[in-house]
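*Asks:* For our numbering, count along the sequence shown from 1 and bump the result up by 165. Sharing a structure, written as structure tokens. Questions coming.
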Amino acid sequence: MTETKHTAGAFDIRNIIGLLLAIYGVILTGMGLFADPETEKTGGVNANLWAGLALLVVGLGFIAWARLRPIKVPEHVEPVTDDPTRPAPKKRPRGGH
166 MTETKHTAGA FDIRNIIGLL LAIYGVILTG MGLFADPETE KTGGVNANLW
216 AGLALLVVGL GFIAWARLRP IKVPEHVEPV TDDPTRPAPK KRPRGGH
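Shown next, in the form of structure tokens:
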């Protein structure tokens, strides 16, 4: 019997992290391009622009990684049977601590 598998798709954590980083990257890049760069506070560097570009690169890298190496999820997973050697949870005495 061959197992069919599908990919995690949108539920892959790399897609979620990549999307969040890319969104922050777009916001910071826009702030670096269109807002006052305030270079006197950062020693002559437009920190918003460079941080935004770095976040865009890393976010797109996460998304590319998830697309190139998707996580395979099996269609059917065997149910976990309880281990008889595992101790049962202790019951609390009635009316006490």
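Cβ atoms here follow ideal geometry from the backbone N, Cα and C, with glycine treated the same way.
Can isoleucine 228 and glycine 174 be called in contact, C-beta distance under 8 Å?
*Replies:* No.
*Asks:* Between valine 191 and threonine 172, what straight-line distance do the alpha-carbon atoms span, to the nearest angstrom?
*Replies:* If I take the Cα positions, the gap works out to 28 Å.
*Asks:* Which residues mark the beginning and the end of the alpha helix (DSSP H) in which valine 222 is found?
*Replies:* Segment 212 to 233, the alpha helix (DSSP H) holding valine 222.
*Asks:* Given a cut-off of 8 Å on the beta-carbon distance, is the pair alanine 187 and leucine 218 in contact?
*Replies:* No, the pair does not count as a contact, with Cβ atoms beyond the cut-off.
*Asks:* Report the rounded CA-to-CA distance for arginine 259 versus leucine 220, giving the unit in angstroms.
*Replies:* Straight-line Cα distance between these residues: approximately 56 Å.
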